[in-house]
Amino acid sequence: EEMDAMLRERVEEAGGDLVSEDVSGSAGGVRVSVAFKRVVEREKARRFEQIVDVTIHSAARSARTLKDVALGTVGPHQRDNLVVATRVLEFLRLGGGGVARRLRRGALAPTPWGAITDDALRLGLSRWRSPGCFEMITPSPPKGAKTCIADDEEGAFYEDLPNPPVVADGAHTPESAAALFATVEEAFPGKAIVAVVAMADDKDHEGFFQEIVRVVDQTKLRAVFLSSVPIAGGGARATATATLRAAWEKNIRPDVAAIAERGVLSEAMDAASDLARECDAVVVVTGSLNVVARARRWGDARR
Numbered sequence: 005e006e007m008d009a010m011l012r013e014r015v016e017e018a019g020g021d022l023v024s025e026d027v028s029g030s031a032g033g034v035r036v037s038v039a040f041k042r043v044v045e046r047e048k049a050r051r052f053e054q055i056v057d058v059t060i061h062s063a064a065r066s067a068r069t070l071k072d073v074a075l076g077t078v079g080p081h082q083r084d085n086l087v088v089a090t091r092v093l094e095f096l097r098l099g100g101g102g103v104a105r106r107l108r109r110g111a112l113a114p115t116p117w118g119a120i121t122d123d124a125l126r127l128g129l130s131r132w133r134s135p136g137c138f139e140m141i142t143p144s145p146p147k148g149a150k151t152c153i154a155d156d157e158e159g160a161f162y163e164d165l166p167n168p169p170v171v172a173d174g175a176h177t178p179e180s181a182a183a184l185f186a187t188v189e190e191a192f193p194g195k196a197i198v199a200v201v202a203m204a205d206d207k208d209h210e211g212f213f214q215e216i217v218r219v220v221d222q223t224k225l226r227a228v229f230l231s232s233v234p235i236a237g238g239g240a241r242a243t244a245t246a247t248l249r250a251a252w253e254k255n256i257r258p259d260v261a262a263i264a265e266r267g268v269l270s271e272a273m274d275a276a277s278d279l280a281r282e283c284d285a286v287v288v289v290t291g292s293l294n295v296v297a298r299a300r301r302w303g304d305a306r307r
């Protein structure tokens with residue numbers, strides 16, 4: 005609140021306008037609402053996107069809705085980011101700073117931002133990427149891996165054994181853990197979850213785990229593999245797996261999910277993938293952006 009008040013004061017001192025929370029507000033009057041529709045997996049591009057409808061209201065233009073916008077990032081928190089970005093863009097398209105004064109005069113001065121069309125906005129949202137956020141790193145199936153789908157008097161029939169989906173995310177705070185696993189629930193509704201977690205020692209481990217258990221149905225969280233990775237080029241800030249285990253068990257019921265410790269991240273991911281394949285689960289690897297980088301290398305080495 006203190007920061008918000010300071011920013012508002014500085015904007016007013018500079019003679020600028022604020023993007024109003026209220027569609028009838030005098031400072032540009034811009035509001036954006038987003039309706040979530042579904043998550044789509046783009047297998048060839050190895051990424052996810054969410055399909056949304058975006059409705060834009062402003063004091064100077066009639067409300068309009070952009071249907072079936074393909075947002076290049078997924079999760080409820082990314083829809084919040086979309087709202088902020090689109091409101092700012094619309095505010096600038098209407099003239100930016102001082103728009104309220106021009107509205108009162110009954111005319112808007114031309115602005116370069118006004119050349120940005122809704123089609124350009126749609127394209128920009130589709131190309132929006134957030135590295136380290138919900139990256140799909142699913143490796144190729146092991147060479148020659150097969151599973152028996154039928155076995156009768158006519159013989160056995162096999163099909164390629166698919167790998168379970170693997171996503172990596174740099175979440176390392178309770179808030180980002182909540183956002184991540186809410187996104188998992190949207191992208192993989194009804195699917196079981198196997199988590200792999202490695203974190204720095206200065207993070208809120210207990211709060212991180214509490215949010216996972218709060219967001220995810222305990223019957224869907226099949227296992228949590230605890231691992232350790234060097235942070236910032238060394239091991240000084242890495243958290244030992246025993247420390248993570250103590251954080252999990254201190255305030256979390258031990259029977260919520262099976263716990264396993266694997267000191268090497270690649271071994272933890274191998275074990276998690278094997279288990280996920282057996283129980284048709286998604287593997288979620290998280291705890292830091294360092295973990296994401298190492299998870300990428302794990303996936304690349306198995307393609």
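Going by the working numbering, the letters in the sequence shown line up with residues 5 to 307, in that order. Quick reminder that beta carbons are idealized off the backbone N, C-alpha and C, glycines included.
Taking the alpha-carbon positions, what's the PRO193 to PHE185 distance? Rounded to whole angstroms, the gap between the alpha carbons of PRO193 and PHE185 is 11 Å.
So, using beta-carbon positions, are VAL201 and VAL286 closer together than 8 Å? no
Residue interval of the alpha helix (DSSP H) (run including GLY127): In the sequence on display, residue 127 carries Leu and not Gly. Its alpha helix (DSSP H) spans residues 122 to 130.
Smallest Cα separation from PRO143: which of CYS283, SER270, ASN294, ALA9? SER270
Thinking VAL233 and ASN294 are a contact (beta carbons under 8 Å), I'd like their distance in whole angstroms, please. That belief holds up - the Cβ atoms of VAL233 and ASN294 are roughly 6 Å apart, short of 8 Å.
Answer yes or no: do LEU129 and VAL73 have a C-beta to C-beta separation smaller than 8 Å? Yes.
Whole angstroms are fine: how far does the CA of ASP123 sit from the CA of PHE161? At PHE161 the pLDDT is 46, less than 50, meaning the model places this residue with poor confidence; the figure from the coordinates comes in the next sentence. So the alpha carbons of these two residues sit roughly 49 Å apart.
Could I get the ranges of all uninterrupted alpha helix (DSSP H) runs contained in the segment 162 to 191, with 4 residues as the minimum, in chain order? Listed in chain order, they are 178 to 191.
State buried or exposed for SER231, treating a residue as buried only when at least 16 other CB atoms are found within 10 Å of its CB. SER231 comes out buried.
Member of SER292, PHE138, ARG51, ALA196 whose CA lies at the smallest distance from the CA of ALA261: Nearest of SER292, PHE138, ARG51, ALA196 to ALA261, Cα basis: ALA196.
Look up LEU279 in the DSSP assignment and say whether it is helix, strand or coil. helix
Spatial distance of GLY118 from THR77 (CA atoms): 26 Å
Residue ranges of each beta strand (DSSP E) run of no fewer than 3 residues wholly in the segment 35 to 69, ordered along the chain? 51 to 62
Thinking VAL36 and ILE60 are a contact (beta carbons under 8 Å), I'd like their distance in whole angstroms, please. 5 Å
How many Å lie between VAL304 and MET140 at the Cα? Looking at the sequence shown, residue 304 is not Val but Asp. Distance between the alpha carbons of ASP304 and MET140 is about 11 Å.
If you reduce the DSSP assignment to three classes, tell me which class LEU98 lands in. In the structure shown, LEU98 sits in coil (DSSP, three-state: anything other than H, G, I, E or B).
SER292 versus ARG46: straight-line alpha-carbon distance, rounded: 25 Å
Taking the C-alpha atoms as reference points, what is the distance between MET2 and LYS224? Residue 2 is absent from the structure shown; the chain starts at 5 and stops at 307.
Alpha-carbon spacing of ALA191 relative to ARG91, whole angstroms: 26 Å
With the cut-off set at 8 Å, would you say ALA183 and ARG241 are in Cβ contact? no
Is there contact here, the segment 243 to 254 with the segment 275 to 285, by at least three beta-carbon pairs under 8 Å? no
Based on the DSSP output, what are the partners of ILE324 in its beta bridges? Absent from the structure is residue 324, since the part of the chain shown begins at 5 and ends at 307.
Evaluate ALA67 with the Cβ neighbour count: other Cβ atoms within 10 Å of its Cβ, from every protein chain shown; 16 or more gives buried, anything less gives exposed. Burial call: exposed.
Helix, strand or coil: which one does DSSP assign to GLY232? First, the residue type needs correcting, since residue 232 is Ser and not Gly in the sequence shown. Three-state DSSP puts SER232 in a strand.
DSSP state of ILE256, grouped into three classes? coil
Mapping the DSSP letters down to three states, classify ASP72 as helix, strand or coil. strand
Rounded to the nearest angstrom, what separates THR290 and THR69 at their Cα positions? 35 Å
Considering only DSSP beta bridges, list what ALA199 is partnered with. VAL228, VAL288
According to DSSP, what are the bridge partners of ALA89? None, per the DSSP bridge assignment.
Residue of PHE52, ARG301, VAL58, LEU98 minimising C-alpha distance to ASN85: VAL58
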